[in-house]
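K.L.:
Have a look at this one before I ask anything.
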Amino acid sequence: MHGKLLPLAGLYLVQGLPYGLQSGLLPVLLRARGLSLTRVGLAKVLYLPWLFKLVWAPLVDTRGSLRVWLMLSTAALGLVCGLLAVLPPAEAGQAGLPVTVAGLLLLLNLGAAVQDVALDTLAVQLLEPAELGPGNTVQVVAYKLGAVLAGGGLLALVPTLSWPLLFLLLAAIYWLAAALVWAAPALQQLPVSQPSERPLRTLHLLQELLAMPGTLWTAGFVLTYKLGEQGASSLFPLFLLDHGISTPELGLWNGVGAVVCSIVGSSLGGALLARHWQPLPLLRSVLRFRLGGLACQTTLLFHLDTPGVRLGPSTILRGAALLSLCLQHFLGGLVTTTTFTLMMHCSQLAPSALQATHYSLLATLELLGKLFLGTLAGALADSLGLHLCFSLFLALSGMPILYLGLAPSALA
């Protein structure tokens, strides 16, 4: 089993790098250069390729070898990072990222999205039923560790690590991962996909997927369960940056500390589910805890936004702010693991020939829900103000608790 889990761990780790780069590192760098919250939030448009995984997923499923798809997509990510190393970002005072840099970041997400489809299909084909539990744990933890390395870890090194060196380091990691894909014994026995003889009808396939038991309800849940949390987690770190916390310290807490808490929360969720907790009852409990945590964070923000209040180097408010940041990531990890288990349970209700595509559909909708508020959060804060904005996030975080009462019996 270790011969399977180690390649998966390495690949899921490098898959988390683009997310950490653009969710942890890039927003803080752009805000530090003076960009508005609206412009910082709109940088999440670069995640757009992840929303179209179903467009090329049938190609990955039916054309060529998964090993070749993984090696080529991973090597392409290294090439894009190498190009980014020779194209530094805009200097202070410019409106934002140069078009070429933004285009390359878009390509980085395209390569990562193709790699994601191939990697998820690999996990389904490679793991035996008894190995799914350890495999899912490896997936979540390795992905989040990759996000930590690219987000908080590199952000903490920003004062000493230049933009070219940062992306050269990432390029070297991707090329090493591509070599491991080619050399890993567990990946050399994968079958070559046979071309499908029937034409791909995306609309018909989508209608068929949505007709599966529990799918419409699950689609609605994954679209909305992260709205409030994602909006708050996008803005609160930038709020702390504006109120005196330094970029390296914020990178340490919002990157390393927060994601470690998220990993602990995910691991706790897996442990509770392994002890025969059902996803729906567990979600009812953890969503209430998350709502309470966000209410505390919102109250703290209201107080800190009072004129004259600053986060001094060693104040109780500073500790409370950083603690609330980590607490929300811990609860978010717990909610995410439980929700992904619910998604997998829903996909298992579909015919075996459609289960991989069914799960990809739910995963795409889950990402769409997270990106929606993450992208618009800055614009909402600039137009509505932080107080009204966080009140909205609080209301959105309460909606999934009510929505759980409509869950169909097929998912019980």
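Residue numbers for the sequence shown follow full-length UniProt numbering, beginning at 1 and rising by one. By construction, the Cβ of each residue, glycine as well, lies at the ideal position given by its N, Cα and C atoms.
#1: Does residue 15 pass the burial test, meaning 16 or more other C-beta atoms within 10 Å, or should it be called exposed?
#2: What distance in whole Å lies between the Cβ atoms of residue 279 and residue 341, which are believed to be in contact at a cut-off of 8 Å?
#3: Do the segment 45 to 54 and the segment 105 to 119 make contact, defined as three or more Cβ pairs closer than 8 Å?
#4: Just verifying my parser: in three-state terms, what is the DSSP assignment at residue 214?
#5: Taking three-plus beta-carbon pairs below 8 Å as touching, is the segment 242 to 251 in contact with the segment 373 to 380?
#6: Tell me, to the nearest whole angstrom, how far the beta carbon of residue 104 is from that of residue 122; I am working on the premise that it is less than 8 Å.
#7: Entirely within the segment 202 to 282 and at least 4 residues each: give me those alpha helix (DSSP H) ranges in chain order.
#8: Are the segment 322 to 340 and the segment 225 to 236 touching by the rule of at least three beta carbon pairs closer than 8 Å?
#9: Would you call the segment 336 to 351 and the segment 142 to 150 touching, i.e. three or more CB-CB distances under 8 Å?
#10: Answer yes or no: do residue 294 and residue 232 have a C-beta to C-beta separation smaller than 8 Å?
#11: Could you pull out every residue in the same chain whose Cβ sits closer than 8 Å to the Cβ of residue 144, ignoring the five residues on either side in sequence?
#12: Looking at C-alpha atoms only, which residue of 228, 141, 139 is the closest neighbour of residue 389?
#13: Under 6 Å Cβ to Cβ from residue 11, same chain only, skipping five residues before and after it: list those, please.
#14: Please report the straight-line C-alpha distance between residue 139 and residue 405, rounded to a whole angstrom.
#15: If we ignore side chains and look at the alpha-carbon of each, how far apart do residue 83 and residue 302 end up?
#16: Leaving aside the five residues before and after residue 226 along the sequence, list all residues of the same chain whose C-beta is less than 7 Å from its C-beta, in chain order.
#17: Taking the alpha-carbon of residue 358 as reference, which of 277, 5, 214, 392 has the nearest alpha-carbon?
#18: Where does residue 349 fall in DSSP's three states?
#19: Please state the DSSP three-state secondary structure of residue 86.
#20: Determine the DSSP secondary structure at residue 407, reduced to helix, strand or coil.
#21: Would you identify the three-state DSSP class for residue 306, choosing helix, strand or coil?
P.N.:
According to the structure shown:
#1: Residue 15 is buried by the Cβ-count criterion.
#2: The beta carbons of residue 341 and residue 279 sit about 5 Å from each other, so the pair counts as a contact at 8 Å.
#3: Between the segment 45 to 54 and the segment 105 to 119, the count of C-beta pairs closer than 8 Å reaches three or more; the two stretches touch.
#4: Of the three classes helix, strand and coil, the one that applies to residue 214 here is coil, per DSSP.
#5: no
#6: The pair is not a contact, with the Cβ atoms about 26 Å apart (cut-off 8 Å).
#7: Listed in chain order, they are 202 to 210, 215 to 224, 227 to 242, 247 to 250, 258 to 274.
#8: Yes, the segment 322 to 340 is in contact with the segment 225 to 236.
#9: no
#10: Cβ atoms of residue 294 and residue 232: closer than 8 Å.
#11: 16, 259, 262, 263, 266, 333
#12: Each of 228, 141, 139 was checked against the Cα of residue 389, and the nearest Cα belongs to 228.
#13: 119
#14: Distance between the alpha carbons of residue 139 and residue 405 is about 30 Å.
#15: Cα-Cα distance, rounded: 43 Å.
#16: Same-chain partners within the cutoff: 369, 370.
#17: 214
#18: coil
#19: Three-state DSSP puts residue 86 in coil, outside helix and strand.
#20: Coil, per DSSP.
#21: coil
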